Ligand SMILES: Cc1cc2nc3c(=O)[nH]c(=O)nc-3n(C[C@H](O)[C@H](O)[C@H](O)COP(=O)(O)O)c2cc1C
């Protein structure tokens, strides 16, 4: 089982590391692709060591401009993709099918192959352009899952919020036993 993890330059870099942990717990091979802005937010928000640990936890790490990587093709046996976090720029590029780097190309591939694509799209407040792009991705079959806390679970701290959001994102791929905490 192979999953693409895209990391773009929105706030919430910790979500990328948490998604990688949950995917690894499922036994998934992870193909990681990080945008240039994503490299920056990883360092700013979780620090260079945690960013290196994220790369080390993944099976393959691809350069953002390597549009010749296997995951740029629908023929690669990939089960789905999570973009965590997903910037409004990457959301717009995916919504409009620009395929202008490996992250947006791999996302497009999931849509054209009718596989799961989960976007942890983060911005607030939202412009009409952001909302229209979310609508367009949803109309194409993608899942827009903004990283908002599950307040009803009364999380103890930010780490618990991040874990729950990442677990839900992985659960949305529908690849294995649900990992997110459920309301009872
Ligand atoms: C610290 C930091 C936080 C940012 N947070 C956001 C954000 O939450 N949402 C967003 O859409 N862009 C955010 N940006 C701006 C994006 O990084 C910028 O639009 C970039 O062009 C996105 O490129 P990418 O989609 O290729 O990663 C942030 C930038 C920085 C440096």
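In mature numbering (1 follows the signal peptide of the UniProt record, and there is no 0), the protein residues as written are -16 to -1, 1 to 168.
All C-beta atoms, glycine included, are put in the ideal place defined by N, C-alpha and C.
Note that the structure is predicted; figures quoted are calculated from it, not measured.
Inset, instruction - Report, in whole angstroms, the separation of the C-beta atoms of residue 148 and residue 159, which I expect to be a contact under 8 Å. - result: Going by Cβ atoms, the distance from residue 148 to residue 159 rounds to 18 Å, so no, they are not a contact pair.
Legend entry - Three-pair Cβ contact test at 8 Å for the region 51 to 64 versus the region 35 to 43: As far as the Cβ criterion goes, the region 51 to 64 does not touch the region 35 to 43, which means the pair count is below three.
Inset, instruction - Provide the residue(s) that pair with residue 66 in DSSP beta bridges, ordered along the chain. - result: In the DSSP assignment, the residues bridged to residue 66 are -12, 102.
Legend entry - beta strand (DSSP E) segment containing residue 27, residue limits: Taken as a continuous stretch (DSSP letters only), residue 27 belongs to no beta strand (DSSP E), being part of the alpha helix (DSSP H) at 20 to 29.
Inset, instruction - Spatial neighbours of residue 156 within its chain, please: CB distance less than 6 Å, with the 5 preceding and 5 following residues excluded, ordered by chain position. - result: Same-chain partners within the cutoff: 102, 127.
Inset, instruction - Tell me whether residue 73 sits in a helix, a strand or coil according to DSSP, three-state version. - result: DSSP places residue 73 within a helical segment (H, G or I) once states are collapsed to three.
Inset, instruction - May I ask which residues mark the beginning and end of the alpha helix (DSSP H) holding residue 93? - result: Per DSSP, residue 93 belongs to the alpha helix (DSSP H) from 86 to 96.
Inset, instruction - Please determine, among 7, 112, 96, 29, the residue with the shortest C-alpha to C-alpha distance to residue -9. - result: From the listed residues 7, 112, 96, 29, the smallest Cα separation to residue -9 is found for 29.
Legend entry - DSSP beta-bridge partners of residue 44: Looking at the DSSP assignment, residue 44 forms a beta bridge with 15.
Inset, instruction - Give a yes or no on contact between the region 4 to 19 and the region 92 to 106, applying the rule of three or more CB pairs nearer than 8 Å. - result: Using a C-beta cut-off of 8 Å, the region 4 to 19 makes no contact with the region 92 to 106, since fewer than three inter-stretch Cβ pairs fall below that distance.
Legend entry - Cβ-based neighbour list, residue 39, same chain, cut-off 6 Å, excluding 5 preceding and 5 following: Cβ neighbours of residue 39 beyond the five flanking positions: 45.
Legend entry - Under the three-state DSSP convention, the category residue 145 falls into: The answer is helix: DSSP assigns residue 145 an H, G or I state.
Inset, instruction - Mark residue 15 as exposed unless 16 or more other C-beta atoms lie within 10 angstroms of its C-beta, in which case mark it buried. - result: Buried, since its Cβ has 16 or more Cβ neighbours within 10 Å.
Inset, instruction - Could you spell out where the alpha helix (DSSP H) holding residue 118 opens and where it closes? - result: It spans 112 to 123 - the alpha helix (DSSP H) in which residue 118 sits, taken as one unbroken run.
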